[in-house]
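J.:
Chains as they are written, first to last, in the UniProt record's numbering: chain A, 1 to 452; chain B, 1 to 452.
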């Protein structure tokens with residue numbers, strides 16, 4: 001994999017640019033930037049520390065600022081937009097897609113976003129204001145308004161002539177939408193169908209009915225899973241009265257799919273999914289300290305359990321030496337289950353119909369692995385410390401904790417989801433607290449009864 | 001989120017189906033299955049325990065088996081294919097895309113895959129054998145061979161007439177590929193361009209040059225990142241001599257993007273990314289026990305460190321009570337950094353040019369959060385145990401461990417990647433071992449010097 005990164009042309013340019021920046025050869029940097037596509041400049045900005053990022057932004061062609069902004073991840077985009085003068089922002093937003101423009105406007109101070117809106121023509125302003133009226137994470141928030149509509153009662157030939165006259169078709173268009181005189185969506189015709197239809201055939205005969213249109217209020221995760229299952233390239237969006245109001249394209253859906261999948265991984269480590277890798281340390285430290293604060297409580301909970309058995313620990317140091325093993329194994333086993341369940345919930349595989357099966361299965365997995373590792377760890381402890389009772393105690397604690405880890409690993413994420421708490425964010429920490437407390441309780445409790 | 005899952009129509013059907021299965025109403029199940037799209041049946045199979053899965057498969061229309069297989073995730077597909085008779089497999093694979101067919105054939109016993117190949121017509125067999133000759137995780141392994149080629153010296157009108165005569169255009173086609181008489185790729189023309197071109201214009205005048213074609217050997221992750229950056233819907237694939245050999249479509253790329261993103265999350269928990277949520281317990285237990293085995297070594301390493309200080313632990317039980325706090329905080333802080341770096345490596349943001357910046361930044365984050373939590377935990381310990389020396393010791397250990405966690409969190413994944421070891425798989429465990437060992441060493445070491 002190391003070679004692949006080094007082969008990546010962006011990495012090579014990144015190195016050239018950062019060397020040129022360090023030695024202050026700004027003209028060279030500007031020339032390098034001019035040779036790059038806007039999406040590659042965006043990648044370069046994301047991969048640069050904040051200070052170089054600002055310099056790079058000054059050196060890019062202002063003509064491309066809009067296109068670059070569209071490609072940036074949220075955190076990085078916010079940082080750059082916050083430093084731009086209102087006039088340059090107005091200039092940059094010209095020609096942006098409605099959804100991206102709405103996103104940028106949302107993150108601006110009220111007076112700046114107003115002045116941007118004021119300088120747009122009436123039709124564009126209306127479209128952007130419509131987009132702004134929908135929450136960001138719904139179909140309405142991610143749709144564009146650049147689609148082509150036709151009527152059902154015309155011939156294919158008329159449509160072809162209309163398209164030639166129009167001269168331009170919006171990006172990622174794979175279908176034209178068929179509407180009636182009230183702008184009701186009644187169907188769509190794929191470009192591929194249009195191209196294989198004889199000129200004298202009426203559109204109504206070859207269009208497909210709009211039986212599965214996306215509504216503006218649909219959650220963006222649901223939109224993504226529909227696109228994924230149906231292999232769509234674009235799809236029309238309708239309001240509650242089935243009026244056609246917009247179009248969602250696969251490139252925006254791909255971003256959602258990547259963000260959702262990354263969200264689980266980042267949340268499980270206690271990070272924001274749009275955390276900027278190259279943010280200033282102070283900003284990162286502040287965000288992450290909250291998560292460490294939650295873990296302090298979990299660690300103190302475990303310490304309080306040990307504290308209850310202070311007398312036992314006082315009598316036999318070997319118990320203190322071994323007491324971290326059982327919680328550690330329980331935490332790892334339980335987090336395997338948590339990760340599995342979080343993915344299952346995210347892709348919609350887990351629901352009421354199979355929760356009971358999953359609980360039984362994961363408990364059984366815990367039982368089997370519990371027996372295996374109880375045997376191994378028991379033997380290790382027996383030969384290390386030469387104490388059969390201690391070996392039996394750690395084996396029992398291991399078995400108990402792994403079974404509980406399996407059950408808690410299924411129950412905690414599902415329960416959190418019922419409470420509308422993100423299982424990816426809180427699941428791992430809650431699980432670890434359970435397995436720490438139970439593991440210590442059983443191990444130290446048994447040691448207190450049989451050894452102290 | 002809970003409501004969304006319950007609103008999901010598949011979840012509702014899933015409940016109906018599992019109730020009908022339990023009460024043995026197979027005719028009803030068959031009727032439910034008939035009303036579903038192949039991709040929804042695939043989703044249902046993935047969300048069912050293995051036993052119901054087999055019954056459901058028997059009850060689905062064999063005509064749809066091919067389409068359903070194409071939509072299944074690898075682990076589930078393998079399980080079903082393994083149980084199918086060769087004849088039904090041959091029937092099911094009719095009409096499958098080349099890439100999916102190649103995938104299925106790869107997982108079959110030699111003699112079965114041969115008999116499937118034997119029953120195909122010569123041209124199809126040649127295409128599939130070509131696909132089989134490329135590794136699965138390259139452009140060659142994921143491409144299809146269903147594309148349309150045209151010549152550069154014909155008029156748009158000729159192309160339109162050719163398409164109408166052809167009558168069908170492969171799915172997800174957004175461009176026709178322009179080749180010369182030797183099948184060299186020289187350009188492509190988007191369907192949208194074709195539709196807006198006057199009939200008497202030559203293709204050569206409106207086509208775009210093929211300056212960024214994908215080669216068959218390109219890694220599938222690179223293909224995905226190109227699609228994502230360039231917003232492609234499909235792209236041509238060429239061999240080393242620039243002959244056009246295939247086409248990659250966005251639906252296959254979306255699967256790769258989701259798998260790559262899920263891979264990090266699943267690997268970090270020690271799971272295979274195609275682990276089947278509803279696999280039999282024995283199978284899951286066997287796979288996961290390996291990861292627990294790795295953790296046993298890590299836990300024993302930590303225990304050996306404690307063991308070195310058995311004398312100190314013997315003298316003061318409070319040390320044993322508190323000794324888990326510092327490793328726990330170090331592990332959580334370090335894993336935040338590890339998750340950030342793994343994502344940065346996956347999306348190509350981290351390379352030689354910015355590693356040093358990242359090390360300094362994460363060490364600074366560790367310093368700041370170390371100071372904060374050293375102060376808080378020090379105070380807690382002082383008021384809890386009334387021992388100023390003990391409070392100072394735990395504060396010092398906390399600060400040291402969080403700084404080391406930041407540095408190790410950057411260094412370990414990058415180092416693993418250099419060694420060609422997947423950082424998502426091994427990074428978290430290696431980090432935790434480092435923070436456990438260092439945390440215990442510093443805390444118990446200082447306690448031995450100043451308290452024992």
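We put the CB at the ideal spot given by N, CA and C, even for glycine. Since the structure is predicted, the reported quantities are computational estimates derived from the model, not experimental observations.
Answer yes or no: does any C-beta atom of chain B fall closer than 8 Å to that of residue 20(A)?
T.: As a position in the first chain, residue 20(A) is number 20, starting the count at 1. Answer no: the Cβ-Cβ gap between residue 20(A) and chain B never drops below 8 Å.
J.: Cutting at 8 Å between CB atoms, please list the residues of its own chain near residue 446(A), excluding the five before and the five after it.
T.: In the first chain, counting from the first residue as 1, residue 446(A) sits at position 446. Excluding residues within five positions, the ones whose Cβ falls inside 8 Å are 393, 396 and 397.
J.: Against chain B, does residue 55(A) count as a neighbour if the rule is that its beta carbon must be under 8 Å from one of theirs?
T.: For the purposes of this step, residue 55(A) is identified with residue 55 of the first chain, where counting begins at 1. So, not an interface residue.
J.: Expressed to the nearest angstrom, what Euclidean distance is found between the alpha-carbon atoms of residue 315(A) and residue 452(B)?
T.: Here the question's residue 315(A) lines up with position 315 in the first chain. Here the question's residue 452(B) lines up with position 452 in the second chain. Each residue's alpha carbon lies about 16 Å from the other.
J.: Helix, strand or coil: which one does DSSP assign to residue 334(B)?
T.: Indexing the second chain from 1 puts residue 334(B) at position 334. If DSSP states are grouped into helix, strand and coil, residue 334(B) belongs with the helices.
J.: Within this structure, are the beta carbons of residue 172(A) and residue 233(B) separated by less than 8 Å?
T.: Locating residue 172(A) in the first chain gives position 172, where the first residue counts as 1. Locating residue 233(B) in the second chain gives position 233, where the first residue counts as 1. Yes, Cβ-Cβ distance for residue 172(A) and residue 233(B) is below 8 Å.
J.: If you draw a straight line from the C-alpha of residue 442(A) to the C-alpha of residue 402(A), how long is it?
T.: Position 442 of the first chain, counted from the first residue, corresponds to residue 442(A). Position 402 of the first chain, counted from the first residue, corresponds to residue 402(A). Distance between the alpha carbons of residue 442(A) and residue 402(A): 12 Å.
J.: Give me whichever residues DSSP pairs with residue 202(A) in a beta bridge.
T.: The sequence position of residue 202(A) within the first chain is 202, counting from 1. 155(A), per the DSSP bridge assignment.
J.: Quick one: does residue 34(A) have its CB under 8 Å from some CB of chain B?
T.: Your numbering for residue 34(A) matches position 34 in the first chain. Answer no: the Cβ-Cβ gap between residue 34(A) and chain B never drops below 8 Å.
J.: Got a sec? Which residues, its chain only, sit under 8 Å from residue 421(B) by beta carbon, not counting five neighbours each side?
T.: Within the second chain, the letter at position 421 stands for residue 421(B). Closer than 8 Å at Cβ, skipping near neighbours: no residue.
J.: With 9 Å as the C-beta to C-beta threshold (strictly closer), list the residues of the stretch 76-101 of chain B near chain A in chain order.
T.: Under the 9 Å Cβ criterion, the stretch 76-101 of chain B contributes no residue.
J.: I'd like to know whether the C-beta atoms of residue 207(A) and residue 221(A) end up nearer to each other than 8 Å.
T.: Along the first chain, one-based indexing puts residue 207(A) at 207. Along the first chain, one-based indexing puts residue 221(A) at 221. Taking 8 Å as the Cβ cut-off, residue 207(A) and residue 221(A) do not qualify as a contacting pair.
J.: To test your reading of the DSSP string, which unbroken alpha helix (DSSP H) runs of 4 or more residues are found completely within the stretch 45-76 of chain A?
T.: Taking only runs of at least 4 residues, the alpha helix (DSSP H) segments lying wholly in the stretch 45-76 of chain A are 50-59 and 65-71.
J.: Is there contact here, the stretch 335-346 of chain A with the stretch 260-276 of chain A, by at least three beta-carbon pairs under 8 Å?
T.: Yes: the two stretches touch, three or more of their Cβ pairs being nearer than 8 Å.
J.: Does the Cβ-Cβ distance between residue 64(B) and residue 53(B) come in under 8 Å?
T.: Here residue 64(B) refers to the residue found at position 64 when the second chain is read from its first residue. Here residue 53(B) refers to the residue found at position 53 when the second chain is read from its first residue. No, they are not a contact pair.
J.: Report the residue from 89(B), 435(B) and 177(B) whose alpha carbon sits nearest the alpha carbon of residue 210(B).
T.: The sequence position of residue 210(B) within the second chain is 210, counting from 1. Checking every option, the nearest Cα to that of residue 210(B) belongs to 177(B).
J.: With a CB to CB cut of under 7 Å and the five nearest residues on each side skipped, what residues in its chain are close to residue 381(B)?
T.: Here residue 381(B) is taken as the residue at index 381 of the second chain, counted from 1. Cβ within range, chain order: 322, 390, 391 and 394.
J.: With 7 Å as the C-beta to C-beta threshold (strictly closer), list the residues of the stretch 304-316 of chain A near chain B in chain order.
T.: Correct list: 306, 307, 310, 313 and 314.
J.: Using the beta-carbon of each residue, which ones in chain B are nearer than 8 Å to residue 460(A)?
T.: Only positions 1 to 452 of chain A appear in the structure, and residue 460(A) is not among them; the question remains open.
J.: Among the candidates 120(B), 216(B), 118(B) and 318(B), whose CA atom is the shortest distance from the CA of residue 240(B)?
T.: As a first step, residue 240(B) is located in the second chain; it is residue number 240 there, counting from the start. Per the Cα distances, 216(B).
J.: Tell me whether residue 190(A) sits in a helix, a strand or coil according to DSSP, three-state version.
T.: Taking the first residue of the first chain as 1, we reach residue 190(A) at position 190. In this structure, residue 190(A) counts as strand in the three-state DSSP scheme.
J.: Does the beta-carbon distance from residue 159(B) to residue 203(B) come in below 8 Å?
T.: Here the question's residue 159(B) lines up with position 159 in the second chain. Here the question's residue 203(B) lines up with position 203 in the second chain. Cβ distance < 8 Å, so residue 159(B) and residue 203(B) count as in contact.
J.: At a CB distance below 7 Å, what residues from the stretch 236-267 of chain A approach chain B? Give them in sequence order.
T.: The residues in question are 250, 251, 254, 257, 258, 261, 262, 264, 265 and 266.
J.: Does the Cβ of residue 22(B) have 16 or more other Cβ atoms within 10 Å, making it buried, or fewer, making it exposed?
T.: As a working mapping, residue 22(B) is identified with position 22 in the second chain. Answer is exposed; the Cβ neighbour count stays below 16.
J.: So which of 154(B), 201(B), 174(B) and 163(B) has the shortest CA-CA distance to residue 180(B)?
T.: What you label residue 180(B) is simply residue 180 of the second chain in a count that begins at 1. For residue 180(B), the nearest C-alpha among the options comes from 154(B).
J.: Between the beta-carbon of residue 100(B) and the beta-carbon of residue 276(B), is there less than 8 Å?
T.: Working through the second chain from its first residue, we reach residue 100(B) at position 100. Working through the second chain from its first residue, we reach residue 276(B) at position 276. Not in contact: residue 100(B) and residue 276(B) (Cβ atoms no closer than 8 Å).
J.: Can you name, in chain order, every residue of its own chain whose Cβ lies under 6 Å from the Cβ of residue 68(B), other than the five neighbours on each side?
T.: Taking the second chain and counting its residues from 1, one reaches residue 68(B) at position 68. Around residue 68(B): 38, 41 and 42.
J.: Within its chain, find whatever has a CB closer than 7 Å to the CB of residue 251(A); leave out the 5 residues flanking it on each side and keep chain order.
T.: One-based indexing of the first chain puts residue 251(A) at position 251. Once the five neighbours on either side are set aside, the close Cβ partners of residue 251(A) are 172.
J.: Could you give the distance in angstroms between the alpha-carbon of residue 242(A) and the alpha-carbon of residue 92(B)?
T.: Numbered from 1 along the first chain, position 242 holds the residue referred to as residue 242(A). Numbered from 1 along the second chain, position 92 holds the residue referred to as residue 92(B). Each residue's Cα considered, the two are about 39 Å apart.
J.: The ligand MG and residue 199(A): does any heavy atom of the ligand fall closer than 7 Å to the residue's C-beta?
T.: Ligands in the displayed structure: none, and consequently the ligand MG is not present.
J.: Restricting to Cα atoms, I'd like to know which of 313(A), 111(A), 329(A) and 410(A) is closest to residue 357(A).
T.: The sequence position of residue 357(A) within the first chain is 357, counting from 1. Nearest option by C-alpha distance: 410(A).
J.: What's the C-alpha gap between residue 327(A) and residue 436(A)?
T.: Along the first chain, read from residue 1 onward, the residue named residue 327(A) stands at position 327. Along the first chain, read from residue 1 onward, the residue named residue 436(A) stands at position 436. Their backbone Cα atoms lie some 5 Å apart in a straight line.
J.: Run down chain B in chain order and give the residues with a C-beta less than 9 Å from the C-beta of residue 68(A).
T.: Here the question's residue 68(A) lines up with position 68 in the first chain. The premise fails here: residue 68(A) is roughly 12 Å from chain B at the closest Cβ pair, so nothing lies under 9 Å.
J.: Determine, for residue 1(B), whether the minimum Cβ-Cβ distance to residues of chain A falls below 8 Å.
T.: By one-based count along the second chain, residue 1(B) stands at place 1. Note that residue 1(B) has pLDDT 32, beneath the 50 cutoff, so the model's placement of it is unreliable and the number below is only indicative. Chain A contact via Cβ: present.
J.: Less than 8 Å separating the beta-carbons of residue 324(B) and residue 318(A)?
T.: If you number the second chain from 1, residue 324(B) lands on position 324. If you number the first chain from 1, residue 318(A) lands on position 318. No.
J.: In chain A, which residues lie with their C-beta within 7 Å of the C-beta of residue 369(B)?
T.: The sequence position of residue 369(B) within the second chain is 369, counting from 1. Here the neighbours are 285, 288, 289 and 292.
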